[in-house]
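For any residue, its number in my numbering is found by taking its place in the sequence shown, counting from 1, and adding 7. This report concerns only the one structure given below.
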Amino acid sequence: MAARETEAVGAIRAIMTAVDNAGAVPKEEIADLDPTVSEVPRKPVTIEMIEEIIKSEMIMRRHAKSEYERLGNLGEAEKIRLSLITLEDLLKFLV
């Protein structure tokens with residue numbers, strides 16, 4: 008797999024995980040349920056929430072890229088740059 012594809016897959020997986028976590032029900036809400044229930048409904052996740060998740064991830068990655076560049080680790084900075092391209096494309100797709 009090409010470097011860009013590897014970074015793209017990693018970025019998409021990170022977003023999928025964050026979106027999945029956003030739909031999780033807080034423990035406090037689960038405590039009131041019947042203890043014999045093994046499944047609880049997920050919270051709805053809106054497009055706006057997904058956009059915010061992507062934007063937040065992009066901010067963190069831009070910061071990490073800057074740090075890698077500052078430290079002279081250009082290889083890691085390039086990987087993050089490639090992942091940012093994917094996240095930018097994903098954000099454009101949603102808007």
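Positions of the beta carbon are idealized from the N, C-alpha and C atoms, including for glycine. The model shown is predicted, which means the values in this text are computed figures rather than measured ones.
Spatial distance of residue i from residue j (CA atoms)
i: A3; j: I37; result: Outside the displayed span of the chain (8 to 102) sits residue 3, for which this structure offers no information.
i: K99; j: E85; result: 21 Å
i: D96; j: L81; result: 23 Å
i: A25; j: M67; result: 13 Å
i: L89; j: R11; result: 6 Å
i: V102; j: P42; result: 41 Å
Reduced DSSP secondary structure (H/G/I, E/B, other) of residue i
i: R88; result: helix
i: S45; result: coil
i: T93; result: helix
i: K50; result: coil
First through last residue of the alpha helix (DSSP H) which encompasses residue i
i: T24; result: 10 to 29
i: K72; result: 54 to 77
i: K34; result: 34 to 37
Cβ pair count under 8 Å reaching 3, the stretch 40 to 51 against the stretch 73 to 83: no
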